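Contents: one structure, followed by commentary.
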Amino acid sequence: MRVGYPSPVDFALAPEDEKFRDELRAWLDENLPPFLEAEALGDDARLSGEASQQRRQKWQRTLHEGGWAAIHWGPEYAKGRTINAMQRLIYSEVMAEYRTPGMFNTNGIWQIGPMIIQWGTEEQKAEWLPSILEAEEHWCQGFSEPMAGNDLANLRTTALYDPEADEYVVNGSKIWISSAHLATWGLFLLRTDPTAIERGKKHEGITAFVLNLKTPGIDVRPIRDMAGEELFNEIFFTDVRIPAKWRLGEEGAGWMVAMGTLGFERVGIASQIAILAADLRAVVEAARSVNPDALEDPSLRDRIAKLWTEIELARLLSLRALSKIMKGEKNWPEVPFAKLSWSSMAQTLSELAVDLLGPAGVLAKGGPDTVDRGKWTRLYAFQRYSTIGGGSTEIQKNIIADRAIAMPGKSRS
Ligand SMILES: Cc1cc2nc3c(=O)[nH]c(=O)nc-3n(C[C@H](O)[C@H](O)[C@H](O)COP(=O)(O)OP(=O)(O)OC[C@H]3O[C@@H](n4cnc5c(N)ncnc54)[C@H](O)[C@@H]3O)c2cc1C
358 MRVGYPSPVD FALAPEDEKF RDELRAWLDE NLPPFLEAEA LGDDARLSGE ASQQRRQKWQ
418 RTLHEGGWAA IHWGPEYAKG RTINAMQRLI YSEVMAEYRT PGMFNTNGIW QIGPMIIQWG
478 TEEQKAEWLP SILEAEEHWC QGFSEPMAGN DLANLRTTAL YDPEADEYVV NGSKIWISSA
538 HLATWGLFLL RTDPTAIERG KKHEGITAFV LNLKTPGIDV RPIRDMAGEE LFNEIFFTDV
598 RIPAKWRLGE EGAGWMVAMG TLGFERVGIA SQIAILAADL RAVVEAARSV NPDALEDPSL
658 RDRIAKLWTE IELARLLSLR ALSKIMKGEK NWPEVPFAKL SWSSMAQTLS ELAVDLLGPA
718 GVLAKGGPDT VDRGKWTRLY AFQRYSTIGG GSTEIQKNII ADRAIAMPGK SRS
């Protein structure tokens with residue numbers, strides 16, 4: 358090596374990581390094909406919402422039986438398996454490579470479960486964790502409100518303690534809550550100190566609760582999105598009485614709980630990048646069979662190459678974030694950078710997909726002649742969400758400007 362040059366980067370997997378990857382691939386080789394074959398209705402797009410949920414439920418249970426559902430929860434839940442940060446990324450990459458079905462409780466497995474493990478009492482863990490893990494009931498995450506999206510600490514749905522009944526009384530509303538219409542339980546953030554906002558301390562007085570959505574006084578109303586689906590919901594609370602034992606963590610500790618949850622969500626971007634790489638390969642393959650001329654078009658070829666390069670760069674950024682985590686360093690600004698690049702790449706890919714597929718690219722989901730069951734046409738509309746959900750683009754840019762490059766000026770938060 359020449360003096361003055363940085364040492365070369367070693368991308369080789371450690372032997373234990375390689376072993377983990379090979380074990381997962383071997384398990385999928387054995388278990389995925391029989392699962393898909395047993396699914397007479399394998400065509401997800403033609404399934405009703407309920408049937409599609411049943412399919413996800415079965416797949417999660419199959420994963421759980423193999424010890425592959427909640428791999429980051431620790432050996433007690435993942436049949437003795439303990440994983441490191443690199444193995445978490447390998448897990449996502451292999452799942453994307455095999456194009457496995459989605460899980461029933463994705464949110465519960467990746468975000469809510471770890472929070473219950475961290476903040477819950479033994480009684481709460483015993484009551485709620487099996488419900489998430491064994492796909493018994495569906496779980497959602499209820500944070501956003503009409504006045505509290507990016508500015509989450511501005512949330513105003515109140516939960517006021519009634520000491521005589523040892524209950525909280527909940528009033529207000531939430532919005533954009535994914536899959537709440539299918540959920541029995543959800544992790545919610547509520548305001549237990551309504552004076553905090555006027556005192557100028559909006560991050561205080563927020564408390565996390567696990568709520569059963571079948572409680573009287575809770576009204577869940579689906580919202581139709583621009584892809585034509587009813588994925589997210591408004592939830593209205595009118596004098597809803599909930600037992601104090603549903604509080605997760607101390608009163609007023611909700612902000613800390615939320616930050617942990619969103620932290621998991623942002624680390625999850627690395628998995629999304631792995632899915633993008635697999636999706637790009639799949640759409641090029643699909644174009645090869647239904648619209649091969651597109652692959653001779655120089656401008657489309659250019660777009661494929663550019664996107665491929667960007668995905669690879671984002672993957673390297675995730676790897677740098679991971680190596681920082683493993684050294685015990687802070688994994689940012691890589692995390693807001695990765696969220697930012699993922700969101701624009703996700704939209705670029707969905708636009709490229711419909712252009713590559715030509716006439717087939719405009720056939721709506723569910724139709725008889727669709728490619729990949731209309732997935733690409735749906736994504737074209739649905740991916741608008743990627744620059745909004747999980748912290749919008751402008752907010753990520755503010756974080757980078759303020760904290761990563763310390764631009765002079767007033768704080769934007
Ligand atoms: C598909 C989808 C699923 C979702 N699922 C869930 C869920 O399951 N649970 C849940 O709790 N929430 C969920 N959300 C809500 C999501 O978290 C919010 O939409 C997000 O936090 C943005 O909040 P908002 O929509 O209120 O927009 P706002 O915060 O009102 O922002 C509106 C616009 O103003 C810009 N803006 C806001 N503040 C600033 C600022 N300080 N500087 C510069 N620009 C600014 C934003 O970038 C954006 O362009 C979901 C959203 C989507 C799209």
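Taking our numbering, the leading residue of the sequence shown gets 358, the next gets one more, and so forth.
Beta carbons are placed, not taken as given, at the ideal position from N, Cα and C, and that holds for glycine.
All of these numbers come straight from a predicted model, not from anything done at the bench.
About 6 Å separates the CB atoms of TRP425 and TRP384; that is less than 8 Å, so the two are in contact. When Cβ pairs closer than 8 Å are counted between the two stretches, the segment 531-548 is seen not to touch the segment 629-642, the count staying below three.
DSSP places ASP576 inside the beta strand (DSSP E), whose first and last residues are 575-580.
For the segment 636-683, the continuous alpha helix (DSSP H) assignments of 4+ residues that do not extend past its boundaries occur at 655-683, in sequence order. Using a 10 angstroms sphere on the CB of SER646, the tally of other CB atoms stays under 16, which defines it as exposed.
Not one heavy atom of ligand 1 lies closer than 8 Å to the C-beta of ALA435.
Assignment of ASP729 by DSSP, reduced to helix, strand and coil, places it in the helix class. Around the C-beta of PRO693, 16 or more other C-beta atoms lie within 10 Å, and the residue is accordingly described as buried.
Counting along the chain, ARG548 sits inside the beta strand (DSSP E) bounded by residues 542-548. By the neighbour-count definition (other C-beta atoms within 10 Å, threshold 16), GLY557 is an exposed residue. For TRP496, the enclosing beta strand (DSSP E) starts and ends at 496-499. In the three-state reduction of the DSSP assignment, VAL692 falls in the helix class. Counting C-beta pairs with one atom in each stretch, the segment 576-586 and the segment 454-465 have fewer than three that are closer than 8 Å, which means they do not touch. One Cα belongs to PHE461, the other to SER536, and the distance between them is close to 11 Å.
Remark: the C-beta of LEU509 is in contact range of ligand 1, defined as less than 8 Å to any heavy atom. Rounded to whole angstroms, ALA710 and TRP733 show a C-alpha spacing of 6 Å.
If you draw a straight line from the Cα of ALA678 to the Cα of GLY437, it comes to about 27 Å. Contact between TYR434 and LEU490 holds, with the beta-carbon distance rounding to 6 Å and staying under 8 Å. The beta carbons of GLN468 and GLN498 sit closer together than 9 Å.
The residue among TYR448, GLU394, GLY423 with its C-alpha nearest the C-alpha of ASP379 is TYR448.
Between TYR737 and ASP582, the gap from beta carbon to beta carbon reaches 9 Å or more.
Distances taken from the Cβ of ALA408 to the heavy atoms of ligand 1 include none shorter than 8 Å.
Taking the C-beta atoms as reference points, GLU667 is found nearer than 9 Å to THR705. In chain order, ILE592, PHE594, VAL597 place their CB closer than 7 Å to the CB of ILE575, counting only its own chain and leaving out the 5 sequence neighbours on each side. Assigned with DSSP and collapsed to three states, VAL366 falls in coil, not helix or strand. When the beta-carbon positions are compared, ALA505 and ALA565 stay at least 9 Å from each other. With a beta-carbon spacing of about 24 Å, ILE474 and SER501 fall beyond the 8 Å limit used to define contacts. Between the alpha carbons of PHE368 and LEU664 lies a gap of roughly 22 Å. For PRO520, the three-state secondary structure derived from DSSP is coil.
Pairing VAL641 with LEU713 gives a Cβ-Cβ distance under 9 Å. Residue ILE440 holds the alpha-carbon nearest to the alpha-carbon of ALA371 among ILE440, ARG412, TRP416. One Cα belongs to ARG418, the other to ILE563, and the distance between them is close to 34 Å. Within the chosen limit of 8 Å, ligand 1 does not reach the beta carbon of ASN462 with any heavy atom. As computed with DSSP, ALA565 is found in a beta bridge with LEU546, LEU605.
Relative to ligand 1, the beta carbon of LYS559 is positioned no closer than 8 Å to any heavy atom.
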